[in-house]
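K.L.:
Here you go, one structure.
Protein chains in written order, with this note's numbering: chain A, 247 to 586; chain B, 247 to 586.
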């Protein structure tokens, strides 16, 4: 049995705990969350499973790690390397491997090279492995592209898009994507940083460029408002015609000024109301040309939870150090307790 | 520089040599082919490149291995484990890793468990790695499916198809697929083994079942004639209406009598004449459901050559033993000498 601690028991963390409980050879031995409203409850209650499982969500991280001696900790607390640096250090010091879904950790040298260097050093010193993963960055716009290039003799350009529907998400996502704003407010939000768009383009481009030797020397990003011409309404927001229903975020990896990698990720609510079909799309120019479509798109939440849990045995088996998905073996779905 | 010997200088072997010559960090140091018409010539002549490269194709395999001391040998001589067993043994004894595109070697324990055991033993004893790969088996209907399952929380069934066009191929392929036969002749050919269909279904299913713990206990295959209703003609064959234009080959991996994996590979000439579109298609049932399409299909020859060469550094870095693609890291396209 592989001993697992979940650190961060929000929506993603709960998904990971629920999945861990369904998998053969995985044993959830602890759960950490610093939020008052969450700590102190049994995991089963938090998962609304109708039964306690005998694992309490606790806020004293260090004590939990010490008492439960996990093999692997799943960390789902933040998108940013600066925020997960201390938890990851603590995990490594307690002799556990770590898998985090912090978007920046998909390629942490991009935004936080010094923290990445220190994490790598610590992981090597302790013989531990740290991996950043997720659906995107971590899979759709990087690993899956790499996998496809495996059957290519040469690559001249990569264009890929992930078109998704944000309808299931709550207020935080609406705010960071600028949904519900007037177009002018959206543009101000982009300028002042309150409209984030997608976090992960620079990381995906770095992973591709490094692995494929594409010699990308600059990354430019653009965030444009998706202005709706029809009323769009979800459980948490109403958007009138003329207002912003999403953020059309594009990043280009340039080499000597020419785009070599173009990644597009328009995120909006209810794209189907304007006949937009969701999906993941990869187009590789080279020999051969390849055109891949996954329609509808791989669901973000389900996919992120899955890949984080599915990478557990590979992370345990991996050489020590700070790893990216491009360093790892082929992912696969771990067997569930109940056979199909 | 990684020292490469090509063993088998037919169409695929020539593709691999040509690609090796284009890649950074790879050096073609030898070439082996036992055929009188091929041995004795310079590789450059064989590739019709208009210049000699100073590497002669030779038939004395053992001597070539001894003199050139390759790091990796690319073996492209046969589809069957029984035929590549001796070459692979010789390669391992000479201290080189091996990559073979023999279809059965994608999962050699399926058809030749005893030879697979001996190859694994020898590879372990010599500290060498042996990998079977190719576009299919090796990628489309197995590794690529595994990769996709990485973002799945559970899998209940897998259905996949590779629909391709055999028009570029020659007499041998036409004969083994039964193209040009009358339907009755095709059925007799299936019965007497002269119509092969696709080699690799059992291997792809074994790789998936083992990795995903699907507990497949039986594999059933069906080869049906694709009877054309229009005249179809390629450079090497004419097929009249009512005759066989291809082999529609399907394999099912069963668990307790129920299909869990269904793989279909209709191979024919000029499918577009009857409005059939070529492509690679993967449908995964489970959580989530996934529907992937690559249209047109990944070209078989180009893709097989690419994946064999692209796996070279991963095979060099791998632990010793007999490996399948499911044991390997994420493939990717190696950089060419000339930047894009």
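By construction, the Cβ of each residue, glycine as well, lies at the ideal position given by its N, Cα and C atoms.
Output needed in chain order: residues of the region 439 to 470 of chain A with a Cβ under 8 Å from some Cβ in chain B.
P.N.:
Cβ contacts with chain B: 457, 458, 459, 460, 461.
K.L.:
Pick out whichever of B:354, B:353, B:401, B:333 has its Cα sitting closest to the Cα of residue 344 of chain B.
P.N.:
Residue 344 of chain B has its Cα closest to that of B:333, out of B:354, B:353, B:401, B:333.
K.L.:
At the 8 Å Cβ level, is residue 544 of chain B part of the contact set with chain A, yes or no?
P.N.:
Closer than 8 Å: yes.
K.L.:
Using three-state DSSP, classify residue 297 of chain A as helix, strand or coil.
P.N.:
Note: residue 297 of chain A maps to coil in three-state DSSP.
K.L.:
With DSSP collapsed to three states, give me the class of residue 447 of chain A.
P.N.:
Helix, per DSSP.
K.L.:
Using a beta-carbon distance cut-off of less than 7 Å, what residues from the region 526 to 553 of chain B approach chain A?
P.N.:
Correct list: 533, 534, 536, 537, 538, 539, 540, 541, 544, 545, 548, 549, 551, 552, 553.
K.L.:
Restricting to runs no shorter than 3 residues, where is the beta strand (DSSP E) found entirely within the region 424 to 480 of chain B?
P.N.:
Segments of the beta strand (DSSP E) lying fully in the region 424 to 480 of chain B: 464 to 473.
K.L.:
In chain A, which residues lie less than 8 Å from residue 400 of chain B when you measure between Cβ atoms?
P.N.:
By Cβ distance, chain A contributes 268, 579, 582, 586.
K.L.:
Distance, Cα to Cα, residue 540 of chain A vs residue 294 of chain A?
P.N.:
For residue 540 of chain A and residue 294 of chain A, the distance between alpha carbons rounds to 32 Å.
K.L.:
When you compare only the Cα positions, how much space is there between residue 369 of chain B and residue 418 of chain A?
P.N.:
When rounded, the distance between both Cα atoms is 54 Å.
K.L.:
Is it a yes or a no for the region 261 to 278 of chain A touching the region 576 to 584 of chain A, going by three-plus beta-carbon pairs under 8 Å?
P.N.:
Flag = yes, the region 261 to 278 of chain A and the region 576 to 584 of chain A touch.
K.L.:
With residue 506 of chain B as the anchor, note down where its beta strand (DSSP E) starts and where it stops.
P.N.:
Here the beta strand (DSSP E) through residue 506 of chain B covers 504 to 514.
K.L.:
Determine the DSSP secondary structure at residue 385 of chain B, reduced to helix, strand or coil.
P.N.:
In this structure, residue 385 of chain B counts as coil in the three-state DSSP scheme.
K.L.:
Any contact between the region 474 to 490 of chain B and the region 447 to 462 of chain B? By contact I mean 3 or more CB pairs, one from each, below 8 Å.
P.N.:
Touching, no.
K.L.:
One question on the structure: do residue 460 of chain B and residue 506 of chain B come within less than 8 Å of each other, judged by their Cβ atoms?
P.N.:
A contact, by the Cβ cut-off of 8 Å.
K.L.:
For residue 391 of chain B, which residues in the same chain have their Cβ closer than 7 Å to its Cβ, ignoring the five residues on either side in sequence?
P.N.:
Closer than 7 Å at Cβ, skipping near neighbours: 404, 406, 454, 528.
K.L.:
Going by DSSP, what residues sit across from residue 582 of chain B in a beta bridge?
P.N.:
According to DSSP, residue 582 of chain B bridges with B:269.
K.L.:
How would you label residue 329 of chain A, buried or exposed, when you count the other beta carbons within 10 angstroms and need 16 or more for buried?
P.N.:
Looking at its Cβ environment, which holds fewer than 16 other Cβ atoms inside 10 Å, residue 329 of chain A is exposed.
K.L.:
If the cut-off is 8 Å on Cβ atoms, which residues from the region 353 to 387 of chain A count as contacting chain B, listed in chain order?
P.N.:
Cβ contacts with chain B: 381, 385.
K.L.:
Could you tell me whether any Cβ in chain A is nearer than 8 Å to the Cβ of residue 295 of chain B?
P.N.:
Judged by the 8 Å Cβ criterion, residue 295 of chain B is not in contact with chain A.
K.L.:
Who pairs with residue 252 of chain B in a beta bridge, going by DSSP?
P.N.:
B:277, B:320, per the DSSP bridge assignment.
K.L.:
Between the region 428 to 446 of chain B and the region 561 to 569 of chain B, do at least 3 Cβ pairs fall closer than 8 Å?
P.N.:
Not touching, per the Cβ criterion.
K.L.:
Counting pairs of beta carbons, one from the region 419 to 427 of chain A and one from the region 544 to 557 of chain A, are three or more of them closer than 8 Å?
P.N.:
Output reads no: the region 544 to 557 of chain A does not touch the region 419 to 427 of chain A.
K.L.:
Going along the chain, which residues of its own chain have a beta-carbon closer than 6 Å to the beta-carbon of residue 411 of chain A, five neighbours each way excluded?
P.N.:
Same-chain partners within the cutoff: 517, 524.
K.L.:
From residue 572 of chain B to residue 451 of chain B, what does the alpha carbon distance come to, in whole angstroms?
P.N.:
Going from the Cα of residue 572 of chain B to the Cα of residue 451 of chain B covers about 12 Å.
K.L.:
Confirm, please, whether the CB-CB distance from residue 322 of chain A to residue 217 of chain A is below 8 Å.
P.N.:
No answer is possible for residue 217 of chain A: it lies beyond the span of chain A, which begins at 247 and ends at 586.
K.L.:
Would residue 337 of chain B pass as a contact of residue 310 of chain B if the rule is Cβ separation under 8 Å?
P.N.:
No, the pair does not count as a contact, with Cβ atoms beyond the cut-off.
K.L.:
Residue 265 of chain A versus chain B: which residues are under 8 Å apart at the beta carbon?
P.N.:
The answer, in chain order, is 399.
K.L.:
Here's the rule I'm using: 16 or more other beta-carbon atoms within 10 Å means buried, otherwise exposed. How should residue 351 of chain B be labelled?
P.N.:
Answer is buried; the Cβ neighbour count reaches 16.
K.L.:
Quick one: grab the DSSP three-state call for residue 549 of chain B.
P.N.:
Helix, per DSSP.
K.L.:
Hey, residue 590 of chain A and residue 400 of chain A are a contact pair by Cβ (cut 8 Å); roughly how many whole angstroms apart?
P.N.:
Outside the displayed span of chain A (247 to 586) sits residue 590 of chain A, for which this structure offers no information.
K.L.:
8 Å is my cut-off, CB to CB: does residue 576 of chain B come that close to chain A?
P.N.:
Yes, because at least one Cβ of chain A sits closer than 8 Å to the Cβ of residue 576 of chain B.
K.L.:
Going by alpha carbons, who is nearest to residue 521 of chain A out of A:429, A:249, A:478?
P.N.:
Selected option, being the one with the closest Cα: A:478.
K.L.:
Please confirm if residue 395 of chain B has its CB atom under 8 Å from at least one CB of chain A.
P.N.:
Chain A, which has a Cβ nearer than 8 Å to the Cβ of residue 395 of chain B, makes this yes.
K.L.:
Using the Cα positions of residue 548 of chain B and residue 353 of chain B, report the straight-line distance between them to the nearest angstrom.
P.N.:
Each residue's Cα considered, the two are about 22 Å apart.
K.L.:
What residue range does the beta strand (DSSP E) around residue 497 of chain A cover?
P.N.:
Its beta strand (DSSP E) spans residues 490 to 501.
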